Each structure stands twice: as C-alpha cells, then as structure tokens.
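Encoded as structure tokens, the structure appears first; notes follow it.
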Amino acid sequence: MGEDEKAIKVVFSDIDGTLVHYPKDFDRYAEVGEVVNGKVFIRYKETGESRECRVLESMTGGRAYISERTIALVDKIRAEGVMFVLITGARSSTYDNRRPNLPKVDFEVFENGGRCIRNGEIDMQWTKRYENVIGDSSRATTVTPQLQDASERVGPLWDLYRRLSKEGWALDARDYVTNFRVDVTKSTDKTEEDFEKIKDELKALNLATSFNLGKADIYPSTSGKANAASSVLGVLGLTPEDSISM
704 MGEDEKAIKV
714 VFSDIDGTLV
724 HYPKDFDRYA
734 EVGEVVNGKV
744 FIRYKETGES
754 RECRVLESMT
764 GGRAYISERT
774 IALVDKIRAE
784 GVMFVLITGA
794 RSSTYDNRRP
804 NLPKVDFEVF
814 ENGGRCIRNG
824 EIDMQWTKRY
834 ENVIGDSSRA
844 TTVTPQLQDA
854 SERVGPLWDL
864 YRRLSKEGWA
874 LDARDYVTNF
884 RVDVTKSTDK
894 TEEDFEKIKD
904 ELKALNLATS
914 FNLGKADIYP
924 STSGKANAAS
934 SVLGVLGLTP
944 EDSISM
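Taking the numbering used here, the leading residue of the sequence shown gets 704, the next gets one more, and so forth.
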C-alpha cells in the first residue's frame with residue numbers, strides 16, 4: 704500500500720441490484736435452472752460458466768438470487784478485518800425471511816435505515832431515535848415484530864398514512880416499523896405530479912422519500928440509507944475516508 708493510501712475499514716453495500724439479482728437481470732445473458740433445495744445454477748450463455756446461487760423470496764418482489772461466490776467474497780473481506788454493512792430498503796419481514804441466505808455481516812440495516820441489527824442483535828436504540836416521527840417503537844423487539852395496524856399508530860408518519868389513504872393512494876405498511884410505501888401507478892386517478900406535491904410537504908413533517916423497486920418509500924428525514932451509513936461510521940468512530948460503498 705502506498706504512503707497516501709488509507710486502509711479501508713468498512714464496506715457498505717445495498718442488497719437488491721448489488722449482491723442480489725432478479726430473473727430480469729439475467730434474461731439477456733444467462734439461463735436460470737430449476738430450484739433444488741433452495742438453490743439454483745445460473746449458466747452464462749457466452750462462456751458456459753455456471754454459478755450456484757441461493758434463492759431468496761420477498762413479500763412483493765418475487766424470487767431473487769445471490770451467488771455462493773458472493774457469500775464467500777464477503778466472508779473473505781471480513782476475515783481480513785474489514786467490517787461489512789448491509790443497508791436495504793426491504794421491509795422487516797422480507798429481510799427476516801432472506802436473512803438466513805444472506806452473508807454474515809457486522810451491521811444489518813433495513814427499512815431504508817430505520818432499523819438495525821448489530822452483531823446479530825436488534826438495536827432498539829437505533830430505532831428509538833425516530834420516535835418523534837414514528838411513535839412508540841418498544842414493540843419492535845424482533846426482526847418481524849407484531850405491530851398495531853398502521854391506521855391505528857400514533858405519530859406524524861402515520862398521520863400522513865391515514866391522510867393519503869383517505870385520498871385514495873395505494874399504500875403498503877405491512878411489517879414496516881419506520882416506513883410505508885406508496886405505489887403511484889396503482890393509485891386511482893393519481894399521477895407522478897400529484898406525488899410531487901406530497902413530496903413538497905414532507906420536509907415540514909420531518910419526513911423524506913426515495914424510490915425503491917419502483918415504489919416510493921416514506922420515512923423519517925433523519926433515516927435513509929446515507930444517514931444510516933453516517934450513523935454506523937459514528938458508532939465505529941470512523942470517517943467516510945475509512946469506508947467504501949458498493
């Protein structure tokens with residue numbers, strides 16, 4: 704390593720589209736085999752090379768794949784003393800279902816930064832930071848907690864949920880603690896321009912939004928993937944220069 708080069712101490716990675724891929728990603732250049740015992744071989748058309756992959760399911764996104772080589776590479780990175788952090792927009796139940804087939808890592812951040820597992824344990828204090836927006840989070844003691852219906856929860860996030868529901872937006876809050884999702888295309892008589900007007904209101908409510916798998920997620924403005932990465936660095940006493948993002 705040169706004098707001006709700094710050793711990387713932590714790697715941040717998204718899941719969907721980074722470590723995990725969907726059938727549509729392979730259509731042009733690979734063939735997906737039959738699923739056997741939760742695994743599948745994906746064969747590249749040009750080279751004939753095959754990769755063994757684990758199969759992951761989600762509540763709404765369908766089947767996805769992560770290769771055994773990807774798992775091995777993450778293991779190798781960690782074996783060399785570099786921490787690995789997953790950050791995803793996945794809802795709690797989807798992340799919970801996928802977790803056994805994902806690589807073992809140091810921090811697991813899901814719901815767009817709203818929830819965190821550190822060293823295998825739910826970090827309750829992480830989510831408690833957002834209670835001024837999401838209300839009481841004390842029930843969220845497991846990865847997929849039993850929660851009140853979103854229509855009954857207290858807090859600015861859920862006030863907005865109730866309002867948008869009355870206005871006819873197609874919403875999804877299943878198994879979310881800190882987040883709900885808006886499907887603009889499935890919202891009757893609603894347009895992207897209509898959603899832009901909602902976006903303009905979010906800052907005053909201490910909320911933010913981003914698009915995940917073609918749908919809009921709404922969550923606390925202090926959450927989000929970038930803020931989550933900054934929080935992890937703060938916990939570790941590191942700077943952005945100590946990290947890389949995939």
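The C-beta atom is built at its ideal place from N, Cα and C for all residues, glycine as well. All values derive from a computational prediction rather than experimental measurement.
Going by DSSP, name the residue or residues bridged to A873. D886
Applying the 10 Å Cβ sphere with the 16-neighbour rule, what's the burial state of P803? When all chains shown are included, P803 counts as exposed.
CB of I825 within 8 Å of CB of T847, strictly: With respect to T847, I825 sits apart: the two C-beta atoms are not nearer than 8 Å.
With DSSP collapsed to three states, give me the class of A843. coil
Using DSSP with H/G/I as helix, E/B as strand and the rest coil, what is I711? DSSP places I711 in the coil class of the three-state scheme, outside both helix and strand.
Just mark R731 as buried or exposed, buried being the case when its beta carbon has 16 or more other beta carbons within 10 Å. exposed
Report the rounded CA-to-CA distance for K869 versus T791, giving the unit in angstroms. 29 Å
For L939, collect the residues of the same chain with a Cβ closer than 6 Å to its Cβ; drop the 5 residues on either side in sequence, then sort them by chain order. none
Whole-angstrom C-beta distance between D809 and M786, which should lie under 8 Å: 4 Å
Taking the beta strand (DSSP E) that K742 belongs to, which residues open and close that run? K742 to Y747
On the criterion of 16 or more Cβ atoms from any shown chain inside 10 Å, does F715 qualify as buried, or is it exposed? Looking at its Cβ environment, which holds 16 or more other Cβ atoms inside 10 Å, F715 is buried.
Taking the alpha carbon of S890 as the reference point, which residue from L908, A876, L867 and T881 has its own alpha carbon closest? L867
Nearest-angstrom Cα separation, counted from Y798 out to L722: The alpha-carbon atoms of L722 and Y798 are separated by roughly 14 Å.
Can you grab the Cα-Cα spacing for the pair A931 / Y747, in whole Å? 35 Å
Do the segment 874-881 and the segment 810-821 touch if we need at least three Cβ pairs shorter than 8 Å? Touching, yes.
Could you check whether R754 and E950 sit closer than 8 Å to each other, using their CB atoms as the reference points? A query on residue 950 cannot be resolved here, the shown segment of the chain reaching from 704 to 949 and no further.
Straight-line Cα distance separating S795 from K712: K712 and S795: Cα-Cα distance of roughly 27 Å.
For A876 and D886, which I take to be in contact (beta-carbon distance under 8 Å), what is that distance rounded to the nearest angstrom? A876 to D886, Cβ: 12 Å. No contact.
For a test of the three-state rule: what should DSSP assign to V938, helix, strand or coil? Collapsing the DSSP output to three states places V938 in a helix.
So, is E749 buried or exposed, given that buried needs 16 or more other C-beta atoms within 10 angstroms? exposed
Proximal residues to E734 (C-beta, below 8 Å), its chain only, five neighbours per side dropped: I745, R746 and K748
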